[in-house]
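Asker:
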Amino acid sequence: MDQLKVSLSQQLLIGEALKCAAHNVPKRVAFVYEHQRLTYQELLKRASHLSGWLREQGIGRNDKVGCLFKNGIPFVELYFGTSLNGSVFVPVNFRLVASEIEYIVNNSDVKILFIEAEFIETIRSIIDKLPQLQMIVIVDTVEKELDFDAISYETIFKNPVSYQNIERLNDEDSHIIIYTSGTTGRPKGAVLTHKNLYINGMNKLYHNSSPKGTKHLVIPPLFHIAALSLLVQNCLTEGTIVLHREFEPVNVLETIQNEKINSMFLVPAMWNFLFQVPNLLDYDLSSMKNCSLGGAICPVEIKKRIMTVFKNANVYEAFGQTEMSPSTTYLYGEDSLRNNKTASVGKPSINVRIRIVDDEMNDVPVGEVGEIVYQGPTVMKEYYKNIEATEEAFKGGWFHSGDLVRMDEDGYIYVVDRKKDMIISGGENIYPKELEEVLYRHPDILEAAVIGIPDSRWGETVKACIVLKPGKELTKEQVIEFCKQHIASYKKPRIIEFIDSLPRNAAGKVLKTVLRSNAQENKVH
Numbered sequence: 001m002d003q004l005k006v007s008l009s010q011q012l013l014i015g016e017a018l019k020c021a022a023h024n025v026p027k028r029v030a031f032v033y034e035h036q037r038l039t040y041q042e043l044l045k046r047a048s049h050l051s052g053w054l055r056e057q058g059i060g061r062n063d064k065v066g067c068l069f070k071n072g073i074p075f076v077e078l079y080f081g082t083s084l085n086g087s088v089f090v091p092v093n094f095r096l097v098a099s100e101i102e103y104i105v106n107n108s109d110v111k112i113l114f115i116e117a118e119f120i121e122t123i124r125s126i127i128d129k130l131p132q133l134q135m136i137v138i139v140d141t142v143e144k145e146l147d148f149d150a151i152s153y154e155t156i157f158k159n160p161v162s163y164q165n166i167e168r169l170n171d172e173d174s175h176i177i178i179y180t181s182g183t184t185g186r187p188k189g190a191v192l193t194h195k196n197l198y199i200n201g202m203n204k205l206y207h208n209s210s211p212k213g214t215k216h217l218v219i220p221p222l223f224h225i226a227a228l229s230l231l232v233q234n235c236l237t238e239g240t241i242v243l244h245r246e247f248e249p250v251n252v253l254e255t256i257q258n259e260k261i262n263s264m265f266l267v268p269a270m271w272n273f274l275f276q277v278p279n280l281l282d283y284d285l286s287s288m289k290n291c292s293l294g295g296a297i298c299p300v301e302i303k304k305r306i307m308t309v310f311k312n313a314n315v316y317e318a319f320g321q322t323e324m325s326p327s328t329t330y331l332y333g334e335d336s337l338r339n340n341k342t343a344s345v346g347k348p349s350i351n352v353r354i355r356i357v358d359d360e361m362n363d364v365p366v367g368e369v370g371e372i373v374y375q376g377p378t379v380m381k382e383y384y385k386n387i388e389a390t391e392e393a394f395k396g397g398w399f400h401s402g403d404l405v406r407m408d409e410d411g412y413i414y415v416v417d418r419k420k421d422m423i424i425s426g427g428e429n430i431y432p433k434e435l436e437e438v439l440y441r442h443p444d445i446l447e448a449a450v451i452g453i454p455d456s457r458w459g460e461t462v463k464a465c466i467v468l469k470p471g472k473e474l475t476k477e478q479v480i481e482f483c484k485q486h487i488a489s490y491k492k493p494r495i496i497e498f499i500d501s502l503p504r505n506a507a508g509k510v511l512k513t514v515l516r517s518n519a520q521e522n523k524v525h
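Have a look at this one:
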């Protein structure tokens with residue numbers, strides 16, 4: 001075998017991960033959604049058909065294919081179909097309004113857009129503003145006549161196509177574009193390669209030791225990188241993923257019990273709501289071997305609760321961000337318990353190199369706060385069509401996360417806060433996460449978010465937005481007094497607002513920009 005063939009055989013392509021699983025366990029169920037069960041053999045056949053069909057439409061390497069799908073089998077088929085085809089998969093957040101969807105479809109240069117029937121009206125309202133869009137494909141039955149051109153998803157599978165891939169793919173090729181939440185303006189499209197996602201999948205296997213045939217429950221939306229990356233991991237473990245569309249705590253517990261789920265990933269807010277089910281401990285949760293969390297910074301109290309409820313399971317936390325494919329650090333449950341590192345997000349992942357630096361890119365001493373920056377094969381390729389943002393993110397040859405952290409003498413990393421969320425009041429740095437951890441300890445508080453709002457005297461003042469547990473009551477004075485008992489006085493909130501729920505994005509992260517905007521509009525004092 002010549003050197004070129006050796007090189008090609010070592011390509012870390014997502015489509016190859018599916019092919020390997022289909023070869024090794026063809027009859028094993030790969031994905032479950034409601035009453036649909038798709039084996040690896042069936043998935044490869046349908047994904048290959050989609051790949052061939054896309055090629056017949058002139059869609060190939062580096063062309064963009066978008067989807068407006070909820071969790072389900074079509075999402076999985078299209079993801080792997082584009083992986084085999086070499087086109088770039090652009091999953092769009094279905095919770096966005098029409099103008100936001102318009103921006104992402106246009107900015108990403110999507111040529112074919114796959115949608116579910118419930119989004120027809122949304123697309124109809126912007127169809128004239130999508131000039132580069134060549135075709136729309138609709139899943140499900142369309143009950144009324146359309147006034148724009150579209151084809152049915154299932155018609156794609158009725159006619160034979162050539163499965164032959166005429167282009168050689170490279171694992172450095174763009175694979176997906178995930179648009180960030182846009183908390184600092186227009187969302188940016190993070191371009192991730194085949195290698196990014198493949199190595200992230202291998203990193204996860206190294207850290208969580210999932211055995212072959214693991215059965216996962218996936219609930220967060222697949223357009224979010226934390227959930228999407230599990231599709232690759234599933235192929236590498238030759239496992240089964242059970243998909244849910246909505247987070248219904250009782251439904252989750254029933255599925256664990258009935259499907260004998262071994263592994264589950266939830267964002268911290270979901271774990272928190274799961275623990276509010278009154279008869280939680282009446283369910284048989286003994287099949288659970290792996291409880292993972294990520295997608296947002298997790299309060300310590302929630303981690304402790306997971307360890308208490310899922311006694312047979314290993315608990316681990318993954319920390320990272322979209323641009324890192326996404327995981328960068330891992331914390332094991334045993335580390336939390338034995339070494340009292342519960343407040344940590346663990347140590348750097350294998351294949352991820354980190355530094356903790358100040359604004360001049362100098363390494364900060366152990367125990368001091370700095371920004372965590374990254375290098376390694378899971379770092380994104382670029383922000384799509386955004387040279388300025390890309391150059392800013394890679395300043396100094398490292399990817400800048402925007403996360404403020406500190407490292408202890410044992411090498412464990414503690415997230416202090418998002419750099420942009422830090423509050424400066426009277427010249428003192430106040431980290432919202434520290435105060436939020438205190439608020440989560442209060443037995444009557446369900447959720448809390450802390451923000452800084454402009455103050456003519458102090459520059460900024462601290463405001464806490466609090467969601468109480470059902471049936472509980474607290475006064476503002478009681479909250480402030482509780483905080484004074486657990487944190488320095490200058491860090492306590494001066495303004496308290498009780499609200500029904502915290503605004504969140506699809507990843508479960510609290511949208512503090514919305515809270516700040518509301519505070520400015522309402523002038524709450």
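full-length UniProt numbering puts the first residue of the sequence shown at 1, with every later residue one more than the last.
Note that beta-carbon positions come from the ideal geometry of N, C-alpha and C, so glycine has one too.
All values derive from a computational prediction rather than experimental measurement.
Is it right to say Pro131 is buried, meaning 16 or more other beta carbons lie within 10 angstroms of its own, or is it exposed?
Answerer: Per the 10 Å Cβ criterion, exposed.
Asker: Distance, Cα to Cα, Gln175 vs His23?
Answerer: At residue 175 the sequence reads His, which differs from the Gln that was named. His175 and His23: Cα-Cα distance of roughly 23 Å.
Asker: In or out: Leu146 buried (at least 16 other Cβ within 10 Å) or exposed?
Answerer: When all chains shown are included, Leu146 counts as exposed.
Asker: Buried or exposed for Phe148, please, with buried defined as at least 16 other CB atoms from any protein chain shown within 10 angstroms of its CB.
Answerer: Exposed: under 16 other Cβ atoms inside 10 Å.
Asker: Is residue 534 helix, strand or coil when you go by DSSP?
Answerer: The question about residue 534 has no answer here: the residues shown for the chain are numbered 1 through 525.
Asker: Cα separation between Leu474 and Phe157?
Answerer: Whole-angstrom Cα-Cα distance: 59 Å.
Asker: Going by other Cβ atoms of all chains shown within 10 Å of its Cβ, with 16 needed for buried, is Val315 buried or exposed?
Answerer: Val315 should be labelled buried.
Asker: Buried or exposed: where does Lys111 fall if 16 or more other Cβ atoms within 10 Å of its Cβ makes it buried?
Answerer: By the neighbour-count rule (16 or more Cβ atoms within 10 Å), Lys111 is buried.
Asker: According to DSSP, which residues form a beta bridge with Val369?
Answerer: DSSP lists no partner for Val369.
Asker: Ends of the alpha helix (DSSP H) at residue 574?
Answerer: The chain is shown from 1 up to 525; residue 574 falls before or after that span and cannot be answered.
Asker: Going by other Cβ atoms of all chains shown within 10 Å of its Cβ, with 16 needed for buried, is Gln276 buried or exposed?
Answerer: Exposed, since its Cβ has fewer than 16 Cβ neighbours within 10 Å.
Asker: What would DSSP say about Asp282, mapped onto helix, strand or coil?
Answerer: It is helical.
Asker: With a CB to CB cut of under 6 Å and the five nearest residues on each side skipped, what residues in its chain are close to Gln520?
Answerer: Hits under 6 Å: none found.
Asker: Kindly give me the distance between the Cβ atoms of Val76 and Leu43, rounded to whole angstroms, as I take these residues to be in contact under 8 Å.
Answerer: Rounded, the Cβ-Cβ distance is 7 Å, consistent with contact.
Asker: Quick check on the burial criterion: 16 or more other C-beta atoms within 10 angstroms. Buried or exposed for Ser489?
Answerer: It is exposed - the Cβ of Ser489 has fewer than 16 other Cβ atoms within 10 Å.
Asker: To the nearest angstrom, how far is it from the Cα of Thr82 to the Cα of Asn62?
Answerer: Thr82 and Asn62: Cα-Cα distance of roughly 10 Å.
Asker: Using alpha carbons as the reference points, say which of Ile138, Glu56, Ser325, Gln485 lies closest to Val161.
Answerer: Considering only alpha carbons, the answer is Glu56.
Asker: Quick check: the Cα distance between Val105 and Thr122, rounded to an integer number of angstroms?
Answerer: In a straight line, the C-alpha of Val105 is about 13 Å away from that of Thr122.
Asker: Can you tell me where the alpha helix (DSSP H) holding Phe273 begins and where it ends?
Answerer: Run containing Phe273: 268 to 274, per the alpha helix (DSSP H) assignment.
Asker: Grouping DSSP H, G and I as helix and E and B as strand, with all else coil, what is Ala519?
Answerer: Here Ala519 sits in helix by DSSP.
Asker: Tell me which residues share the same chain as Leu12 and place their Cβ nearer than 8 Å to its Cβ, disregarding the 5 neighbours each side in the sequence.
Answerer: These residues qualify, in order along the chain: Asp171, His194, Lys195, Tyr198, Ile199.
Asker: Which two residues bound the contiguous beta strand (DSSP E) that contains Ser292?
Answerer: Looking at the DSSP string, the run of the beta strand (DSSP E) that includes Ser292 is 290 to 293.
Asker: Which stretch, first to last residue, makes up the beta strand (DSSP E) that contains Gln36?
Answerer: Taken as a continuous stretch (DSSP letters only), the beta strand (DSSP E) holding Gln36 covers 36 to 39.
Asker: Please report the distance separating the alpha-carbon of Pro365 from that of Tyr330.
Answerer: Whole-angstrom Cα-Cα distance: 22 Å.
Asker: Quick check: Asn290 and Ser325, are their CB atoms within less than 7 Å of each other?
Answerer: Cβ distance not < 7 Å, so Asn290 and Ser325 don't count as in contact.
Asker: Label Gly397 either buried or exposed according to how many other C-beta atoms from any shown protein chain fall within 10 Å of its C-beta, with 16 as the threshold for buried.
Answerer: Exposed, since its Cβ has fewer than 16 Cβ neighbours within 10 Å.
Asker: Identify whether Asp417 lies in helix, strand or coil by the three-state DSSP scheme.
Answerer: Of the three classes helix, strand and coil, the one that applies to Asp417 here is strand, per DSSP.
Asker: May I ask which residues mark the beginning and end of the alpha helix (DSSP H) holding Leu197?
Answerer: Segment 194 to 208, the alpha helix (DSSP H) holding Leu197.
Asker: With a threshold of 8 Å on Cβ separation, who are the neighbours of Glu238 within its own chain once the five nearest residues in sequence on each side are excluded?
Answerer: Cβ neighbours of Glu238 beyond the five flanking positions: Ala21, Asn24, Val25, Arg28, Tyr40, Lys212, Gly213.
Asker: Quick one: what's Met407 bridged to in DSSP?
Answerer: Answer by DSSP bridge pairing, in chain order: Ile413.
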